[in-house]
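Novice: Pasting a structure here, questions to come.
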Amino acid sequence: MRPLIFQTATRTPPGRGSDRLKAEMVEDTEKATKTLAPEEIPLEIHDMTVAYHKKPVLWGIDLTVPPGSLVGIIGPNGAGKSTLIKSILGLVHSSSGWAKIFGKPARKNLKRVGYVPQRESVDWDFPVSVMDVVLMGRYGKLGLLKRPKKEDHDFARGCLEKVHMLPYANRQISNLSGGQQQRVFLARALAQESDLYLMDEPFVGVDAATESAIIALLKELQSQGKTIMVVHHDLGSAKDYFDHLLLLNMRVVAFGRTSETFTLDLLQKTYGGRLTILSEVAEAVRERGQ
Amino acid sequence: MMKRPYAILLFLILLLLLAGTAQAESIGQLTDTSFGEQVKRFLSLKDPSVRYALLGSILLGINCGMLGSFIVVRKLSLMGDALSHAVLPGVAMGFLWNMDKDPLAILIGAVTAGLLGSVFVSLITQTTRLKEDTALGMVLAGFFAVGICLVSMIQRRLPGGNQSGIDKYLFGQAAAINSDDVMLMAVVTIAAVLIMTLFYKEFLVSSFDPGFAGVSGLPVKVFHYVLMLLLAFSVVISLQAVGVVLVSAMLITPAASAYLLSDRLHRMVSLAMVFGVFSGAMGCFISFLKPGLPTGPFMVIAASLFFVGAFLFGPRHGVLLRWWRRTSRSQRVRRENTLKAIYQVLEARDFKGEGVSLRELAERRRETIEEARQQSQALQRNQLASLHEDGNLILLTPDGWQRACAIVRNHRLWELYLTNAADYPPDHVHDDAEKIEHILGEEVVRQLERRLDYAKTDPHGKPIPSLDDAQKGGGSPGHDELIGYGRNN
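This is the structure:
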């Protein structure tokens with residue numbers, strides 16, 4: 238039976254439906270991660286809640302990502318997809334809960350994370366070259382005070398090669414198209430040599446060639462045993478691109494293999510209508526806080 | 390700068406040694422001399438006070454240029470302005486400490502006031518709905534007002550208050566810089582250069598992408614506060630030379646000029662330092678020429694002139710060069726259109742007859758004879774055609790003929806490409822081809838030819854001139870150089 242809380246037409250009577258906050262973790266995903274040692278689990282989130290200006294955007298997120306999976310994070314606008322990534326990385330303060338990366342608290346293990354922020358998050362007129370940006374991916378490994386050496390330059394060149402941007406290495410970044418900018422960000426994340434990649438909308442505003450280049454690269458990373466989580470907007474391609482899906486709308490609606498989560502029922506729960514009670518409570522919390 | 394930081398340090402130390410050998414002399418002796426003598430006195434650097442003033446201005450330029458670059462790329466220019474105004478009450482308090490111009494007391498007071506100002510700004514933005522620009526504007530003005538009150542109070546309380554030198558902090562007086570001030574400026578500048586050099590890569594990444602820098606394990610906030618602290622220090626040490634009112638211009642203007650001229654941060658920083666040093670030295674020099682001239686305004690005018698230069702003459706983003714490139718492009722397009730028209734006139738009469746008359750050209754282009762004459766003269770100037778019979782007959786030179794063939798070829802190939810490959814109807818392709826014909830390079834044309842199987846006619850049934858046609862044109866008998874007709878000859 239469909240839980241009342243997800244219905245849009247009828248209002249849920251007060252006091253009911255509150256027991257149905259737990260996400261539908263598809264069974265075999267849960268099983269797959271249970272047998273693993275903690276340090277083998279790329280990402281584990283427990284009861285994470287995040288609020289912007291006293292208005293909650295993520296509620297009690299629980300998530301265990303199996304190693305080597307290529308996860309698409311999908312959900313409507315304002316579902317908290319980017320916020321989830323930022324709160325894992327500690328860029329956004331979470332009011333409760335924790336995230337662990339390979340068994341250690343996330344903030345202490347950021348060295349194993351590669352991060353691709355949203356393209357619009359930086360000023361593309363900044364006076365740096367493509368190479369400079371990719372070298373930034375090496376900074377975490379270099380540590381304070383040390384300068385990038387020849388090996389780092391070579392490595393960065395290899396990363397640019399992988400995204401077919403090597404000819405642009407010495408260009409200033411403002412001369413790049415949207416797709417090229419995205420590939421530079423991707424090369425920078427590759428230069429981080431991580432085991433877990435978090436990418437915030439890498440497919441937004443890129444051309445078809447870049448999109449297929451990115452997806453080929455993601456599959457290659459996955460074949461090397463890396464775990465990748467991608468915030469994604471386009472439901473149409475999500476099914477083909479990812480082997481796991483995280484359906485998110487302020488909370489985890491479902492997480493599991495694409496074949497089992499990409500169902501009409503679950504997508505309706507994610508997109509169809511607003512989560513009446515949650516958004517009402519959120520509004521109430523905000524008002525009381527003021 | 391970041392590649393050879395030690396050279397800069399060495400230079401600074403040399404300058405300091407130069408200053409150290411100087412005997413302190415009273416500034417009062419510098420008045421009442423002629424213009425020429427003053428210039429000589431400044432340039433010979435024999436006068437220690439000149440040396441202090443110049444050295445102070447140079448140190449100021451280095452400091453402001455370097456930190457200003459980071460302020461500009463972090464979009465904190467307004468912050469620099471607010472901070473510089475906010476330090477004034479601190480300067481006055483430092484002066485009040487023992488009623489003397491003690492550099493250290495003033496430094497401490499000013500830095501405290503500056504930091505207090507920035508705390509107020511973040512307090513206002515975090516606890517109210519007001520945005521940062523509003524908070525900055527308020528704090529800037531409020532602190533400055535308090536500072537002005539304190540300064541005028543000090544001046545009234547001291548007998549002969551103008552001798553206190555406190556008023557020099559408003560508009561700057563490089564001549565008032567003494568050896569203690571220079572020492573302090575040098576220490577702060579060396580510390581700032583060292584810190585920015587050692588942590589260049591951290592400042593780079595945290596300025597460009599703070600989120601990513603945080604994920605790379607950098608304490609982004611710490612670097613931000615270090616930068617703010619260095620900024621406060623550099624504002625304070627610059628006050629005496631340039632003054633509270635204009636110090637932010639010395640932070641922003643040299644860096645802005647450098648931003649226009651460079652597309653790498655390290656080059657921008659070095660260039661901003663050069664601009665800063667020259668602006669500082671020039672302001673110092675001009676204010677030295679006449680007693681009582683403030684330094685700050687002249688430094689800022691010099692810096693602004695550098696900016697105007699960068700704005701107008703910058704090789705990539707300079708307005709003049711851009712204008713020139715645009716003009717020469719549009720002239721080239723006009724010439725090519727004239728050549729095309731001549732070709733079409735010739736084509737209309739099967740390339741028979743000598744040359745093209747002005748009237749034919751004017752009719753073809755739907756223009757007056759006078760306009761056609763101007764265009765034909767432009768062709769002549771570029772050796773694309775020669776004029777005969779009082780300029781009424783145009784004969785193309787071999788170059789002109791080849792160019793005309795190439796343009797027509799580009800035009801028709803592109804039309805054909807659009808209709809064949811992009812499925813445009815033939816009556817939709819002309820306007821597009823009118824623009825593209827001037828842009829296509831030889832390589833793209835070859836590609837087009839290959840894709841179109843070396844087609845002979847365009848969608849409107851007109852022949853596409855081939856490379857052979859272009860070559861052949863030059864060989865018409867009796868007219869080795871001047872031809873305007875007959876590829877069939």
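So the protein sequences, as listed, match chains A and B. Each residue of the first sequence is one higher than the one before, counting from 238 in the numbering used here. Each residue of the second sequence is one higher than the one before, counting from 390 in the numbering used here. We treat Cβ as the ideally placed atom computed from N, Cα and C, and that holds for glycine.
1. Identify the continuous beta strand (DSSP E) that holds residue 434 of chain A and give its terminal residues.
2. Do residue 506 of chain B and residue 475 of chain B have their C-beta atoms closer together than 8 Å?
3. Could you tell me whether any Cβ in chain A is nearer than 8 Å to the Cβ of residue 590 of chain B?
4. Please list the partners that residue 373 of chain A has in chain B, where partner means a Cβ-to-Cβ separation under 9 Å.
5. On the criterion of 16 or more Cβ atoms from any shown chain inside 10 Å, does residue 469 of chain A qualify as buried, or is it exposed?
6. Whole angstroms are fine: how far does the CA of residue 634 of chain B sit from the CA of residue 540 of chain B?
7. Could you check what DSSP says for residue 769 of chain B in three-state terms: helix, strand or coil?
8. Can you give me, in chain order, the residues of the region 622-654 of chain B that have a beta carbon less than 8 Å from any beta carbon in chain A?
9. Starting from residue 724 of chain B and walking both ways along the alpha helix (DSSP H), at which residues does that stretch end?
10. Pairs of beta-carbons, one from the region 577-584 of chain B and one from the region 443-453 of chain B, closer than 8 Å: are there three or more?
11. What residues in its chain sit with their C-beta under 6 Å from that of residue 637 of chain B, if we drop five residues either side in the sequence?
12. For residue 467 of chain A, name the three-state secondary structure that DSSP assigns.
13. 8 Å is my cut-off, CB to CB: does residue 421 of chain A come that close to chain B?
14. So is residue 447 of chain A buried or exposed if we call it buried at 16+ other beta carbons inside 10 Å?
15. So, does the CB of residue 501 of chain A fall closer than 8 Å to a CB anywhere in chain B?
16. With 16 as the cutoff for other CB atoms within 10 Å, does residue 725 of chain B come out buried or exposed?
17. Listing by chain order, which chain A residues have their CB less than 9 Å from the CB of residue 663 of chain B?
18. Check each candidate in A/287, A/392 and A/410 and name the one with the smallest Cα separation from residue 430 of chain A.
19. Since I believe residue 435 of chain A is in contact with residue 282 of chain A (beta carbons under 8 Å), could you give me their beta-carbon distance rounded to a whole number of angstroms?
20. Tell me which residue opens and which closes the beta strand (DSSP E) that residue 284 of chain A is part of.
21. Pick helix, strand or coil for residue 489 of chain A, following the three-state DSSP scheme.
22. Which whole-angstrom value describes the C-beta separation of residue 555 of chain B and residue 544 of chain B, a residue pair presumed to lie in contact below a C-beta threshold of 8 Å?
23. Touch check for the region 773-786 of chain B and the region 795-803 of chain B: three-plus C-beta pairs under 8 Å?
24. Hey, does residue 358 of chain A have any beta-carbon neighbour from chain B nearer than 8 Å?
25. Where does residue 765 of chain B land, buried or exposed, given buried means 16+ other C-beta within 10 angstroms?
26. With C-beta atoms as the reference, is residue 488 of chain A less than 8 Å away from residue 335 of chain A?
27. Please look up how many angstroms separate the CB atoms of residue 427 of chain A and residue 377 of chain A, rounded, as I've assumed it's under 8 Å.
28. So, at 8 Å on beta carbons, what are the nonlocal neighbours of residue 316 of chain A in its own chain, with the 5 sequence-adjacent residues on each side left out?
29. Give the DSSP bridge partners of residue 293 of chain A, in chain order.
30. Assign residue 731 of chain B to buried or exposed, taking buried as 16 or more other Cβ atoms, counted over all protein chains shown, within 10 Å of its Cβ.
31. Span of the beta strand (DSSP E) holding residue 336 of chain A?
32. So what's residue 741 of chain B in DSSP terms, helix, strand or just coil?
33. May I ask you to list the residues that DSSP assigns as paired with residue 353 of chain A?
34. Taking the CB atoms as reference points, tell me whether residue 806 of chain B and residue 837 of chain B lie closer together than 8 Å.
35. Does the region 807-817 of chain B come close enough to the region 785-793 of chain B to have 3 or more Cβ pairs within less than 8 Å?
36. Starting from the N-terminal side, write out each stretch of the alpha helix (DSSP H) that is 4 residues or longer and does not extend beyond the region 389-447 of chain A.
Specialist: Taking the definition as stated:
1. 433-436
2. yes
3. yes
4. 590, 593, 594, 597, 598, 601, 602 and 605
5. buried
6. 14 Å
7. helix
8. 648, 651, 652, 653 and 654
9. 708-737
10. yes
11. 469, 470 and 473
12. strand
13. no
14. buried
15. no
16. buried
17. Chain A residues near residue 663 of chain B: none, gap ~16 Å exceeds 9 Å.
18. A/392
19. Actually they do not touch by this definition, with Cβ atoms about 12 Å apart.
20. 280-289
21. strand
22. 7 Å
23. no
24. yes
25. buried
26. no
27. Not a contact, Cβ separation roughly 13 Å.
28. 485, 486, 487 and 507
29. A/288
30. buried
31. 331-338
32. coil
33. A/436
34. yes
35. no
36. 415-428
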